[in-house]
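**Student:** Using UniProt numbering, read the sequence shown as starting at 1 and increasing by one per residue. For reference, the structure I am asking about is given below.
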Amino acid sequence: MGITCHWIDNAWNIQKRLLAYRCFSDPHTAQNISHLMFLILEEYGLTSKIFSISFDNASANTCSIDELIRICQPSICGKFFHIRCTCHIFNLCVQDGLRSLETYIKPIGTAIHYLRHVGSTRWNSNYKLLLSTFEYKELLCGFFGQVVQSSSLYLFSNQWNICTTICEILKVFSDATDQLFGVYYPTCHLVVTHLCNVACIFCEHLNSNEPPLIECIISMKTKWEKYFLNIPDIFLCAIVLDPRLKLDGLDELLTLYYDSLNPITDTCPSSSMIISSVRHSLTEIYTEYNEKYGSQVATQTQHTTSSIITSRLTKAKNLIRDQTKRPRGSSSSNLELENYLTTTFDFSTTDDDDTFDILRWWAQKKQVYHILSLMAKEILACPVSTVAVEQAFSMGGNTLDERRSTIRPENLEAQCLLNDWSRVVSRTQDQDETNDDENTEGTSGKTTGGGGTSECD
Numbered sequence: 001m002g003i004t005c006h007w008i009d010n011a012w013n014i015q016k017r018l019l020a021y022r023c024f025s026d027p028h029t030a031q032n033i034s035h036l037m038f039l040i041l042e043e044y045g046l047t048s049k050i051f052s053i054s055f056d057n058a059s060a061n062t063c064s065i066d067e068l069i070r071i072c073q074p075s076i077c078g079k080f081f082h083i084r085c086t087c088h089i090f091n092l093c094v095q096d097g098l099r100s101l102e103t104y105i106k107p108i109g110t111a112i113h114y115l116r117h118v119g120s121t122r123w124n125s126n127y128k129l130l131l132s133t134f135e136y137k138e139l140l141c142g143f144f145g146q147v148v149q150s151s152s153l154y155l156f157s158n159q160w161n162i163c164t165t166i167c168e169i170l171k172v173f174s175d176a177t178d179q180l181f182g183v184y185y186p187t188c189h190l191v192v193t194h195l196c197n198v199a200c201i202f203c204e205h206l207n208s209n210e211p212p213l214i215e216c217i218i219s220m221k222t223k224w225e226k227y228f229l230n231i232p233d234i235f236l237c238a239i240v241l242d243p244r245l246k247l248d249g250l251d252e253l254l255t256l257y258y259d260s261l262n263p264i265t266d267t268c269p270s271s272s273m274i275i276s277s278v279r280h281s282l283t284e285i286y287t288e289y290n291e292k293y294g295s296q297v298a299t300q301t302q303h304t305t306s307s308i309i310t311s312r313l314t315k316a317k318n319l320i321r322d323q324t325k326r327p328r329g330s331s332s333s334n335l336e337l338e339n340y341l342t343t344t345f346d347f348s349t350t351d352d353d354d355t356f357d358i359l360r361w362w363a364q365k366k367q368v369y370h371i372l373s374l375m376a377k378e379i380l381a382c383p384v385s386t387v388a389v390e391q392a393f394s395m396g397g398n399t400l401d402e403r404r405s406t407i408r409p410e411n412l413e414a415q416c417l418l419n420d421w422s423r424v425v426s427r428t429q430d431q432d433e434t435n436d437d438e439n440t441e442g443t444s445g446k447t448t449g450g451g452g453t454s455e456c457d
């Protein structure tokens with residue numbers, strides 16, 4: 001079992017640590033998973049400090065959530081506690097779609113294997129493989145049509161056309177996967193935007209003239225709607241904590257998403273009801289955090305204010321009195337939240353997703369939005385994929401070799417933890433020690449986040 005911990009420190013940098021790489025020989029049941037996780041969290045004194053857990057889609061992991069909520073007692077009764085690995089869901093959707101196009105894609109893969117032996121690859125490797133062959137389309141058609149003269153390897157034009165279109169679709173999934181795999185930057189507030197991109201590409205190609213492509217899109221959409229017809233609350237709240245968007249931006253994204261998705265399995269949720277639910281969730285967590293941290297914030301603010309102003313001229317005494325008497329943060333109202341939601345902030349036109357630093361923004365506003373900044377720390381720190389755990393298993397696989405094939409489990413864990421923690425300062429924990437593509441790709445059908453490797457689709 002691999003467990004990683006992610007949080008935002010006082011300097012507003014995302015930190016990540018590998019907490020455990022533990023031998024898990026018991027049956028991977030929900031009870032055993034939750035029990036071992038409890039023991040590991042208890043070792044670090046983190047049992048009562050867990051805001052959310054990111055799991056892959058293994059059924060036992062999902063079933064263990066209720067027990068973990070009972071143990072950890074997370075905020076607002078665990079509404080944000082369980083995050084399914086988004087990239088794993090992307091993988092399930094893509095695999096369903098590609099399965100219906102196997103007769104069109106397989107000949108190109110077979111042709112490449114004829115020229116150069118390539119082992120079995122995952123969908124993103126197949127995407128890159130197809131993408132790289134388009135440049136040599138005429139050469140490959142000529143070679144297999146005239147030189148090899150094998151009907152099973154002949155590449156017809158409609159195969160190329162369908163593969164070209166499927167690559168356009170896969171590019172959206174690939175771009176989303178690449179960005180949501182991040183370890184050292186927030187990803188939670190980026191999910192809804194990528195969901196919209198996928199919905200738009202579905203809409204664009206659903207009316208294709210190629211029946212196989214329509215079948216592919218329908219297969220993907222069916223699986224997609226199983227998980228993302230109702231977008232998880234934590235992704236919606238994270239969008240609101242992006243000061244460029246807030247509730248109005250979320251409303252526009254939801255309208256775009258559901259108009260483009262046009263669900264085939266169920267009716268669309270009402271955008272107004274979703275916005276109301278998100279506002280309610282934010283108010284709930286704000287109230288809880290205000291009750292928990294409000295008095296601390298008030299004390300710190302009053303102390304800072306007094307220590308600065310008392311050194312000034314006598315005429316400032318009235319200001320000191322006013323400042324120290326003014327209530328700070330201890331009020332149970334949500335005025336701070338309402339102030340944030342209704343204030344219009346100025347941003348440069350260059351503040352897009354690639355350049356805007358949401359953590360720096362909140363760091364600069366923490367004196368204005370004391371409680372909200374604490375909420376932002378919790379929500380924006382949540383990873384939306386299990387890539388960090390997958391990298392730990394890749395690291396473990398690299399540690400075990402012919403010379404160290406009998407290493408004790410506790411020594412293997414110590415080696416992996418030491419390797420991870422020693423790269424904290426250089427912030428290279430997200431880099432694998434090997435360039436082997438098969439080990440580093442993180443969108444496999446089986447992932448291991450917190451235990452269990454059985455796939456559930």
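Backbone N, C-alpha and C define an ideal beta-carbon position, used for all residues, glycine too. Since the structure is predicted, the reported quantities are computational estimates derived from the model, not experimental observations.
State buried or exposed for Lys377, treating a residue as buried only when at least 16 other CB atoms are found within 10 Å of its CB.
**Tutor:** Classification for Lys377: buried.
**Student:** Would you be able to state if there are at least three C-beta pairs under 8 Å between the region 181-195 and the region 239-256?
**Tutor:** Verdict: yes, contact present.
**Student:** Are the beta-carbon atoms belonging to Ser385 and Phe181 less than 7 Å from one another?
**Tutor:** Yes; because the gap between Cβ atoms is below 7 Å, this pair is in contact.
**Student:** Would you mind reading off the limits of the alpha helix (DSSP H) that contains Lys221?
**Tutor:** Residues 211-228.
**Student:** So, with DSSP's three-state summary, where would you put Ala58?
**Tutor:** Of the three classes helix, strand and coil, the one that applies to Ala58 here is coil, per DSSP.
**Student:** Report yes or no: is there a C-beta of chain C within less than 7 Å of the C-beta of Thr344?
**Tutor:** Judged by its chain identifiers, the structure shown contains no chain C, having just a single protein chain.
**Student:** With H, G and I counted as helix, E and B as strand and the rest as coil, what does DSSP make of Tyr44?
**Tutor:** The answer is coil: DSSP assigns Tyr44 none of H, G, I, E or B.
**Student:** Can you give me the Cβ contacts of Asp420 inside the same chain, cut-off strictly under 6 Å, excluding the 5 residues immediately before and after it?
**Tutor:** Excluding sequence neighbours, Asp420 sits near Leu18, Gln429.
**Student:** Please classify Ile264 as buried or exposed, where buried requires at least 16 other C-beta atoms within 10 Å of its C-beta.
**Tutor:** Result: exposed.
**Student:** Taking the alpha-carbon positions, what's the Asp233 to Arg99 distance?
**Tutor:** Rounded to whole angstroms, Asp233 to Arg99 spans 31 Å at the Cα level.
**Student:** Would you call Ala11 buried or exposed, if buried means 16 or more other Cβ atoms sit within 10 Å of its Cβ?
**Tutor:** Flag for Ala11 reads exposed.
**Student:** Of the residues Thr255, Glu336, Ile274, Glu252, which one's Cα is nearest the Cα of Asn290?
**Tutor:** For Asn290, the nearest C-alpha among the options comes from Glu336.
**Student:** Count the other C-beta atoms from every protein chain shown that fall within 10 angstroms of the C-beta of Glu338, then say buried if there are 16 or more, exposed otherwise.
**Tutor:** Under this definition Glu338 is an exposed residue.
**Student:** When you compare the region 54-66 with the region 356-364, are there three or more beta-carbon pairs, one atom per stretch, that lie closer than 8 Å?
**Tutor:** The region 54-66 vs the region 356-364: no contact.
**Student:** Just verifying my parser: in three-state terms, what is the DSSP assignment at Arg84?
**Tutor:** Strand, per DSSP.
**Student:** Tell me the residue span of the alpha helix (DSSP H) that contains Ile8.
**Tutor:** Unbroken run through Ile8 is the beta strand (DSSP E), 2-8; no alpha helix (DSSP H).
**Student:** Taking only three categories from DSSP, how would you classify Gln179?
**Tutor:** Gln179: helix per DSSP, three-state reduction.
**Student:** What is the rounded straight-line gap between the Cα of Trp7 and the Cα of Phe345?
**Tutor:** Those two C-alpha atoms are separated by around 26 Å.
**Student:** Who are the near neighbours of Tyr44 in its chain, counting only those whose CB is closer than 8 Å to its CB and skipping five residues on each side?
**Tutor:** Cys5, Leu19, listed in sequence order.
**Student:** Within 10 angstroms of its Cβ, does Ser272 collect 16 or more other Cβ (buried), or is it exposed?
**Tutor:** It is exposed - the Cβ of Ser272 has fewer than 16 other Cβ atoms within 10 Å.
**Student:** If I follow the unbroken beta strand (DSSP E) through Lys16, where does it start and stop?
**Tutor:** Note, Lys16: beta strand (DSSP E), 14-21.
**Student:** Between which two residues does the alpha helix (DSSP H) harbouring Asp259 extend?
**Tutor:** Segment 246-261, the alpha helix (DSSP H) holding Asp259.
**Student:** What number of angstroms, rounded off, separates the C-alpha of residue 497 from the C-alpha of Ser373?
**Tutor:** Because the chain spans 1 through 457 in this model, residue 497 falls outside it and cannot be assessed.
**Student:** Alpha carbon to alpha carbon, what distance is there between Phe51 and Gln302?
**Tutor:** Because Gln302 carries a pLDDT of 46, less than 50, the predicted location of this residue cannot be relied on, and the following value inherits that uncertainty. Rounded to the nearest angstrom, the two C-alpha atoms are 29 Å apart.
**Student:** So, for Ser260: in the same chain, excluding its five sequence neighbours on each side, which residues have a beta-carbon less than 6 Å away from its beta-carbon?
**Tutor:** If we look at Ser260 and ignore the five residues flanking it on each side, its Cβ neighbours are Ala199, Cys200, Cys203.
**Student:** Can you tell me where the alpha helix (DSSP H) holding Pro409 begins and where it ends?
**Tutor:** Run containing Pro409: 409-421, per the alpha helix (DSSP H) assignment.
**Student:** Given this structure, state the Cα-to-Cα distance separating Asn158 from Ile231, to the nearest angstrom.
**Tutor:** Looking at the two C-alpha atoms, the distance is approximately 36 Å.
**Student:** Please state whether DSSP places Ile33 in a helix, a strand or coil.
**Tutor:** Correct three-state label for Ile33: helix.
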